[in-house]
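Enquirer: I have a structure here, written as structure tokens, and I will follow up with some questions on it.
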Amino acid sequence: EKIKKDPSLKLPPLESYPDYQEALKEKECLTYKLGEALIKASNNWYGGGYIKLLLEIRKLKKEFKKKANHA
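According to the UniProt record's numbering, the stretch in the sequence shown is residues 1 to 71, in order.
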């Protein structure tokens, strides 16, 4: 509502920030993906989220080993 009254409060699009490309690279790193998986698991703990977390960790580990071997 405040933005409607004062459009100067609106943030610019993410793509316009100088470190946008660096942030996209960071989203591909192992620690970011592990944190993302942990957050998803804790939000869904009652539905087997932590079991899914273990499976996701295995998957990420394989993925990053494969990337490391190709690099």
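No residue lacks a Cβ here, since even glycine has one placed at the ideal position from N, Cα and C.
(1) For L53, count neighbouring Cβ atoms within 10 angstroms of its own Cβ and tell me buried if that reaches 16, exposed if not.
(2) DSSP three-state call for G49: helix, strand or coil?
(3) What separation, rounded to the nearest whole angstrom, lies between the Cα atoms of I39 and K33?
(4) Suppose the cutoff is 7 Å on Cβ atoms and the five residues either side in sequence are ignored; what does the same chain contact list for L30 look like?
(5) Reducing DSSP to helix, strand and coil, say where N69 ends up.
Expert: Let's see:
(1) Residue 53 sits at position 53 when you count from the first residue of the sequence shown. When all chains shown are included, L53 counts as buried.
(2) Within the sequence shown, residue 49 is the residue found at index 49, counting from 1. It is helical.
(3) Against the sequence shown, residue 39 aligns to sequence position 39. Against the sequence shown, residue 33 aligns to sequence position 33. Those two C-alpha atoms are separated by around 10 Å.
(4) Counting from 1 along the sequence shown, the entry for residue 30 is found at position 30. Once the five neighbours on either side are set aside, the close Cβ partners of L30 are L60 and F64.
(5) Position 69 of the sequence shown, counted from the first residue, corresponds to residue 69. The answer is helix: DSSP assigns N69 an H, G or I state.
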